[in-house]
Amino acid sequence: MTPELHASWQALLQEEFSKPYFMALNHFLVQQTEAGKTIYPPTDRIFAALNFTPLDKVKVVILGQDPYHGAQQANGLSFSVNKGTAIPPSLKNIFKEMQADLGCPAPTHGDLSAWAAEGVLLLNAVLTVNAAAAASHQNKGWETLTDTLIKTLSHQKTNLVFMLWGNFAKGKKALINADKHLILEAAHPSPFSAYQGFMGCGHFSQANRYLATKGKGEINWALADG
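For the sequence shown, the positions run 0 to 225 when numbering that gives the first Met the number 0 is used.
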């Protein structure tokens with residue numbers, strides 16, 4: 000795996016790609032492929048979150064855990080699926096909260112690439128997974144890379160909004176300088192926990208109010224159908 004990244008991220012992460020942990024991760028992925036495992040997302044979408052949202056465009060970070068492991072689901076953006084794929088339950092709840100918070104109609108698809116284009120970095124902590132095997136690529140090195148990303152964003156940027164949904168995402172709070180950025184925490188939007196603090200959290204409107212007070216453009220959270 001030789002990452003092909005937007006130049007802004009390539010310059011930032013080039014040193015990481017030569018470190019032993021990343022070479023070990025690469026070896027693991029090769030082994031999985033040679034063993035006949037199907038890996039999601041497709042190779043050209045593994046770094047989609049970074050390529051859809053260049054470093055200088057980042058305003059909001061929504062952190063997921065690892066990609067969907069069902070066929071045709073993972074597309075490299077956290078919580079997102081391609082058009083034509085059934086909307087997963089967690090994303091349905093995200094749309095319900097968006098609709099309640101902002102009045103945006105819930106879209107009929109789950110493609111969040113328009114959010115990425117608006118400056119929302121849809122970053123999973125782990126960027127790959129084996130088909131039908133949730134969390135199968137955890138603790139293989141991805142977390143070291145994405146933790147570095149989060150820390151670098153916190154250090155180099157100011158006035159970002161970090162949305163941490165669920166205990167896993169909240170565990171990344173220590174990587175973020177709360178004096179420079181807005182950290183929004185809530186339960187995970189999964190049906191198992193959405194009504195324990197995610198629904199009604201108002202994160203979408205809070206993010207836009209914060210961005211507006213800092214002189215940054217608000218995010219257009221509405222997603223067009225089609």
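Positions of the beta carbon are idealized from the N, C-alpha and C atoms, including for glycine.
> Expressed to the nearest angstrom, what Euclidean distance is found between the alpha-carbon atoms of residue 196 and residue 33?
Replying inline: As a first step, residue 196 must be located in the sequence shown, where it is residue number 197. As a first step, residue 33 must be located in the sequence shown, where it is residue number 34. When rounded, the distance between both Cα atoms is 43 Å.
>> For the pair the segment 92 to 105 and the segment 33 to 48, tell me if three or more CB-CB distances fall below 8 Å.
In response: no
> Which of helix, strand or coil does DSSP assign to residue 164?
Replying inline: In the sequence shown, the residue the question calls residue 164 occupies position 165. Residue 164 falls in the strand class under three-state DSSP.
>> When you compare the CB positions of residue 11 and residue 54, do they come within less than 8 Å of one another, or not?
In response: As a working note, residue 11 is residue 12 in the sequence shown. As a working note, residue 54 is residue 55 in the sequence shown. Taking 8 Å as the Cβ cut-off, residue 11 and residue 54 qualify as a contacting pair.
> Out of 121, 98, 74, 161, which has the shortest C-alpha to C-alpha gap to residue 185?
Replying inline: Taking the first residue of the sequence shown as position 1, residue 185 is located at position 186. It is 161.
> With 16 as the cutoff for other CB atoms within 10 Å, does residue 66 come out buried or exposed?
Replying inline: Counting from one through the sequence shown, the residue named residue 66 turns up at place 67. Result: buried.
> If you scan the segment 114 to 144 from start to end, which runs of the alpha helix (DSSP H) of 4 or more residues do you find wholly inside it?
Replying inline: none
> Between residue 57 and residue 152, what straight-line distance do the alpha-carbon atoms span, to the nearest angstrom?
Replying inline: Start at 1 with the first residue of the sequence shown, and residue 57 comes out as number 58. Start at 1 with the first residue of the sequence shown, and residue 152 comes out as number 153. Cα to Cα, the separation comes out at about 9 Å.
> With burial defined as no fewer than 16 other Cβ atoms inside 10 Å of the residue's Cβ, what is the status of residue 79: buried or exposed?
Replying inline: Counting from one through the sequence shown, the residue named residue 79 turns up at place 80. The residue is buried, with at least 16 neighbouring Cβ atoms inside 10 Å.
> From residue 204 to residue 30, what does the alpha carbon distance come to, in whole angstroms?
Replying inline: Translated into positions along the sequence shown, residue 204 becomes position 205. Translated into positions along the sequence shown, residue 30 becomes position 31. Going by the C-alpha atoms only, they are around 44 Å apart.
> From which residue to which residue does the alpha helix (DSSP H) around residue 182 run?
Replying inline: In the sequence shown, counting from the first residue as 1, residue 182 sits at position 183. No alpha helix (DSSP H) contains residue 182, which is instead part of the beta strand (DSSP E) from 181 to 185.
> Roughly how many whole angstroms lie between the Cα atoms of residue 159 and residue 216?
Replying inline: Your numbering for residue 159 matches position 160 in the sequence shown. Your numbering for residue 216 matches position 217 in the sequence shown. Spanning the two alpha carbons is a distance of roughly 12 Å.
> If you draw a straight line from the C-alpha of residue 222 to the C-alpha of residue 183, how long is it?
Replying inline: The residue labelled residue 222 in the question sits at position 223 within the sequence shown. The residue labelled residue 183 in the question sits at position 184 within the sequence shown. Cα to Cα, residue 222 sits roughly 22 Å from residue 183.
>> Whole angstroms are fine: how far does the CA of residue 193 sit from the CA of residue 181?
In response: Here residue 181 refers to the residue found at position 182 of the sequence shown. Here residue 193 refers to the residue found at position 194 of the sequence shown. Approximately 21 Å, taken between the alpha carbons.
>> Here's a check: name, in chain order, each residue in its chain whose Cβ is nearer than 6 Å to the Cβ of residue 201, leaving out the five neighbours to either side.
In response: Taking the sequence shown and counting its residues from 1, one reaches residue 201 at position 202. Closer than 6 Å at Cβ, skipping near neighbours: 100.
> So, helix, strand or coil for residue 57, using DSSP?
Replying inline: As a working note, residue 57 is residue 58 in the sequence shown. Here residue 57 sits in coil by DSSP.
> Which same chain residues, not among the five before or five after residue 219, have their C-beta less than 7 Å away from its C-beta?
Replying inline: Position 220 of the sequence shown, counting from 1, holds the residue named residue 219. 117.
> Nearest CA to the CA of residue 5: which residue from 45, 129, 87?
Replying inline: Looking up residue 5 in the sequence shown gives position 6. Comparing Cα positions, the closest option is 45.
> Buried or exposed: where does residue 47 fall if 16 or more other Cβ atoms within 10 Å of its Cβ makes it buried?
Replying inline: For the purposes of this step, residue 47 is identified with residue 48 of the sequence shown, where counting begins at 1. Flag for residue 47 reads buried.
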